[in-house]
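*Asks:*
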Amino acid sequence: MRFEIMRLDEVDGTTVDSVVVDAASVDRIVQQAAATGQRLWIRPSEEPVP
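In terms of the UniProt record's numbering, the sequence shown has 21 at position 21, counting the first letter as 1, and numbering is strictly consecutive.
1. Of the residues 17, 22, 44 and 38, which one's Cα is nearest the Cα of residue 10?
2. Which residues share a DSSP beta bridge with residue 42?
3. If residue 2 sits next to residue 20, beta carbons under 8 Å apart, how far is it from one beta carbon to the other, in whole angstroms?
4. When the Cα atoms are used, what is the spatial distance from residue 32 to residue 46?
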């Protein structure tokens, strides 16, 4: 399964950037975001992983 992970702006919550990853990469990205205090929005994606 693939997921789209969007990093959100701290002030207004708009999407700053996004990436589509496989399920195995989600945990690593979430751990990095938690360590730095970033806000993420994660949702299933139909887009293939590059």
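The C-beta atom is built at its ideal place from N, Cα and C for all residues, glycine as well.
*Replies:* On the basis of the supplied data:
1. Position 10 of the sequence shown, counted from the start, is the residue given in the question as residue 10. Residue 10 has its Cα closest to that of 38, out of 17, 22, 44 and 38.
2. Position 42 of the sequence shown holds residue 42. For residue 42, which the question treats as bridged, DSSP gives the partners 5.
3. What you label residue 2 is simply residue 2 of the sequence shown in a count that begins at 1. What you label residue 20 is simply residue 20 of the sequence shown in a count that begins at 1. Yes, they are in contact, since the Cβ atoms of residue 2 and residue 20 sit about 6 Å apart, within 8 Å.
4. The sequence position of residue 32 within the sequence shown is 32, counting from 1. The sequence position of residue 46 within the sequence shown is 46, counting from 1. Rounded to whole angstroms, residue 32 to residue 46 spans 24 Å at the Cα level.
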